[in-house]
Structures are given as C-alpha cells and as structure tokens.
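S.K.: Sharing a structure here in structure tokens format.
Numbering (this note's numbering), first residue to last: 89 to 278.
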C-alpha cells in the first residue's frame with residue numbers, strides 16, 4: 089500500500105526534468121476492496137504523472153545544497169546512445185556523422201527516459217542534431233560550473249573582476265529560470 093509523501097501546492101524538484109514544480113494534484117490509484125491506494129502519483133503540470141522517487145521536497149534540496157555535489161540531482165550522468173535508423177540503410181546516408189544511427193540522450197539510469205528526434209528531422213541536418221545531443225549530455229556539468237561561479241561571485245564580490253561580473257549577469261538569469269519554474273527569462277518577457 090502507498091501513502092502520499094507530498095501534498096497539493098508543495099514545491100518539489102522533479103529529477104527526470106531537472107527543474108522545480110508545484111504539485112497540482114495528488115492522484116491515488118485505488119483497487120476495489122482495498123482501504124489504501126495501491127500507489128500514489130503526482131501531477132506537476134508537465135504532461136505526465138510522476139512517482140514519489142522522481143520528486144524531491146524543497147526541504148531535502150535545501151539540506152543538499154550544503155552537501156557534496158554528488159548528492160545534487162542536477163549532476164546526473166547523462167549519456168548518448170546510438171539508435172538504429174530503421175528507415176534508411178547505412179549506404180543511403182553515408183554523409184551522416186554515424187551512418188545508420190541517430191543519437192538518443194539517456195537522462196535516466198534505467199535507459200528509458202531522455203531526448204530523441206524523429207528520423208526526418210535528423211535527416212534534415214544530422215550535424216546540428218549531433219551537436220544538440222552533445223550539448224544536452226554536457227549541460228548538467230556546465231550548469232554545475234556556472235552555479236559554482238555564481239555562488240563564488242556572490243560570496244566574494246570584491247575579488248571578482250568586472251568582466252566576470254558582466255558575464256555572470258545573464259548566467260544568473262538562466263540559473264533563476266532553471267531552478268525556479270515560476271520565473272521566466274528576461275528575453276521571454278520582453
């Protein structure tokens with residue numbers, strides 16, 4: 089039997105997506121003649137229901153902010169896997185970077201969640217899609233570096249050159265947008 093670990097309107101970190109969200113609905117899954125729900129999922133407004141292990145409460149995250157970086161859910165190890173292109177043979181696409189395959193970015197340790205593109209989009213510009221896959225795979229490490237730089241700048245404002253402060257202004261906006269679902273980047277508001 090399952091019990092709800094989170095409540096409606098609670099702010100949680102959604103690990104598979106890597107962003108914050110507000111629980112809109114707590115959804116118990118009932119079985120006839122059983123007093124407690126079989127499982128409980130949560131709707132955070134992202135198009136699918138999430139289970140409790142995929143969510144982290146705000147209190148836990150604040151405790152983790154002082155912990156080691158390995159405990160931070162944003163430092164996951166994403167990876168590129170090659171999927172076979174079922175629509176075209178390797179000989180037909182010899183100009184592709186990896187003929188006969190396309191990249192699939194795995195963002196889950198079980199190799200089922202992630203990012204992929206339709207074959208037709210890959211065929212249109214395979215080098216661009218390969219670049220996007222590499223960018224996505226490395227984004228957790230880039231995010232970690234930018235966050236560390238921003239934190240260092242906030243702690244030691246006198247020791248940071250003005251050029252670095254100028255570079256970090258848009259980085260702080262990006263960090264705010266990544267970690268706070270309610271905020272939007274300035275470019276979108278303009």
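Each residue gets a CB set at the ideal place from its N, CA and C atoms; glycine is no exception.
As the structure is a prediction and not an experimental result, all values here were calculated from the model.
When the Cα atoms are used, what is the spatial distance from residue 244 to residue 259?
M.R.: 17 Å
S.K.: Candidates 105, 116, 126 and 200: which alpha carbon is nearest residue 134's?
M.R.: 105
S.K.: Among all the DSSP beta bridges, which residues are the ones paired with residue 116?
M.R.: Residue 116 is bridged by DSSP to 128.
S.K.: With three or more beta-carbon pairs closer than 8 Å as the criterion, would you say the stretch 132-146 touches the stretch 91-98?
M.R.: yes
S.K.: Per the DSSP calculation, residue 100 is bridged to which residue(s)?
M.R.: Answer is 109 and 145.
S.K.: Strictly by DSSP, which residues pair up with residue 189?
M.R.: Residue pairing by DSSP puts residue 189 in a beta bridge opposite 172.
S.K.: Determine whether the beta carbon atoms of residue 224 and residue 107 lie at a separation below 8 Å.
M.R.: no
S.K.: Distance, Cα to Cα, residue 214 vs residue 207?
M.R.: 10 Å
S.K.: Determine the extent of the alpha helix (DSSP H) in which residue 239 is found, giving its start and end residues.
M.R.: For residue 239, the enclosing alpha helix (DSSP H) has its first and last residue at 214-243.
S.K.: Is the CB-CB distance between residue 241 and residue 234 below 8 Å?
M.R.: no
S.K.: Within 10 angstroms of its Cβ, does residue 122 collect 16 or more other Cβ (buried), or is it exposed?
M.R.: exposed
S.K.: Please determine, among 110, 168 and 92, the residue with the shortest C-alpha to C-alpha distance to residue 141.
M.R.: Residue 141 has its Cα closest to that of 92, out of 110, 168 and 92.
S.K.: When the Cα atoms are used, what is the spatial distance from residue 165 to residue 263?
M.R.: Across the structure, residue 165 and residue 263 are spaced so that their CA atoms are roughly 19 Å apart.
S.K.: Taking the C-alpha atoms as reference points, what is the distance between residue 192 and residue 246?
M.R.: 44 Å
S.K.: Who pairs with residue 167 in a beta bridge, going by DSSP?
M.R.: As a beta-bridge residue in DSSP terms, residue 167 pairs with 194.
S.K.: To which residues does DSSP link residue 138 through a beta bridge?
M.R.: 130
S.K.: Based on DSSP bridge pairs, tell me the residues matched to residue 200.
M.R.: Partner(s): none; residue 200 has no beta bridge.
S.K.: In whole angstroms, what is the alpha-carbon distance linking residue 198 and residue 251?
M.R.: 42 Å
S.K.: Just to confirm, is the Cβ distance from residue 130 to residue 110 under 8 Å?
M.R.: no
S.K.: What does a CB cutoff of less than 8 Å around residue 168 pick up in its chain, not counting 5 residues either side in sequence?
M.R.: 191, 192, 193, 194, 221, 222 and 225
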